[in-house]
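Visitor: According to this note's numbering, the residues represented by the sequence shown are 33 to 235, in order.
First, the structure itself, so that you have it in front of you.
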Amino acid sequence: MMTLSTPNDQVRHSGSPDSWVLWVDGSGGFLIVDQSQVTIGGPASEREATIGVQADLHRREAALSRHRGEYRIEPLDGRVSIAEQMITETVSLRAGEPFTLGSHVRFWFHQPHPLSASAKLSVEPRTRLRPHVDAVLWLDDTLVLGPSDDCHVQVPHAEGPLVLMRRGARWQVKPTVGKVAWRALTPGRRLDGLGISMTLEPR
33 MMTLSTPNDQ
43 VRHSGSPDSW
53 VLWVDGSGGF
63 LIVDQSQVTI
73 GGPASEREAT
83 IGVQADLHRR
93 EAALSRHRGE
103 YRIEPLDGRV
113 SIAEQMITET
123 VSLRAGEPFT
133 LGSHVRFWFH
143 QPHPLSASAK
153 LSVEPRTRLR
163 PHVDAVLWLD
173 DTLVLGPSDD
183 CHVQVPHAEG
193 PLVLMRRGAR
203 WQVKPTVGKV
213 AWRALTPGRR
223 LDGLGISMTL
233 EPR
């Protein structure tokens with residue numbers, strides 16, 4: 033898969049947190065995870081599962097992994113169903129395909145932007161995630177924020193799309209078009225640009 037250009041695609045991310053919460057005015061809150069494997073679990077799993085769900089799930093219901101651009105899911109202590117069929121081994125996820133944890137917790141797996149390998153996990157409105165966010169953004173290379181439906185975060189009032197990427201312990205953002213320099217997104221500090229206002233917080 034092609035990717036949006038970044039200042040340095042070879043930078044390692046060691047020595048800094050691997051999950052954050054991104055607050056975007058007019059769009060909500062988003063949990064960003066930057067790991068090759070994440071787990072999903074129920075209320076008793078806040079310290080064990082990467083993604084917590086306020087629902088009747090096991091402490092570690094399922095694991096999701098990423099390898100060479102392929103995303104996969106496997107059941108751990110619980111039940112995972114795809115297309116109403118329970119799975120018992122690791123299965124590849126396809127963009128736009130829903131999967132169900134336990135008896136009724138439904139997630140959707142998205143890869144909205146054709147030039148970004150990053151993924152998005154969304155849930156039904158009745159399902160509450162912990163922390164209380166609207167969706168999960170699984171960072172691979174870049175995240176795209178903007179007004180169109182091919183953005184990881186849709187911001188209807190945005191003037192145009194922005195690219196958000198991580199470089200070591202630093203986060204940077206810039207428009208996808210034009211020769212505009214990268215701007216630092218400092219955790220805890222509000223950033224405004226192209227009609228998008230956002231704040232990033234370490235989890």
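By construction, the Cβ of each residue, glycine as well, lies at the ideal position given by its N, Cα and C atoms.
1. Straight-line CA distance for MET230 to ASP57?
2. Using 8 Å as the threshold, is the region 128-141 in touch with the region 154-162, meaning 3 or more CB pairs across them?
3. In chain order, which beta strand (DSSP E) runs of at least 3 residues are fully inside the region 165-209?
4. Helix, strand or coil for ALA240, going by three-state DSSP, please let me know.
5. Throw me the rounded Cβ distance for the ASP109 and SER148 pair, which I believe falls under 8 Å.
6. Alpha carbons only, please: which of TRP214, ILE228, TRP52 and GLU233 is nearest the one belonging to GLY220?
7. Taking the DSSP output, what are the residues bridged to GLY61?
8. Taking Cβ positions, are GLY134 and LEU89 nearer each other than 7 Å?
9. Could you work out which residue in LEU54, GLU102, ALA94 and HIS99 is closest to ILE114 when comparing CA atoms only?
10. Per the DSSP calculation, GLU106 is bridged to which residue(s)?
11. Cα separation between ALA127 and PRO146?
12. Expressed to the nearest angstrom, what Euclidean distance is found between the alpha-carbon atoms of GLU191 and THR120?
13. Under DSSP, the beta strand (DSSP E) around PRO130 begins and ends at which residues?
14. Hey, ARG162 and GLY84: beta-carbon distance below 7 Å or not?
15. Looking at the secondary structure, which residues open and close the beta strand (DSSP E) in which GLY84 lies?
16. Between PRO75, ASP66 and GLU116, which has its C-alpha nearest LEU96's C-alpha?
17. Thinking C-alpha only, which one of ARG202, GLY210, VAL185 and GLN86 is nearest LEU54?
Guide: For this structure:
1. Cα to Cα, the separation comes out at about 6 Å.
2. In short, these stretches touch, since the Cβ pair count reaches three.
3. Taking only runs of at least 3 residues, the beta strand (DSSP E) segments lying wholly in the region 165-209 are 167-170, 174-178, 194-199 and 202-207.
4. What is shown of the chain runs 33 to 235, which leaves residue 240 out entirely.
5. About 32 Å; that fails the 8 Å criterion.
6. Ranking the options by Cα distance to GLY220, first place goes to GLU233.
7. TRP55.
8. Inclusion of GLY134 and LEU89 in the CB contact set at 7 Å is warranted, their separation being smaller than that value.
9. It is ALA94.
10. Beta-bridge partners of GLU106 (DSSP): ALA95.
11. One Cα belongs to ALA127, the other to PRO146, and the distance between them is close to 11 Å.
12. Roughly 45 Å separates the two Cα atoms.
13. That run of the beta strand (DSSP E) goes 130-133.
14. A contact, by the Cβ cut-off of 7 Å.
15. Start and end: 83-85.
16. Cα-wise, what sits closest to LEU96 is ASP66.
17. For LEU54, the nearest C-alpha among the options comes from VAL185.
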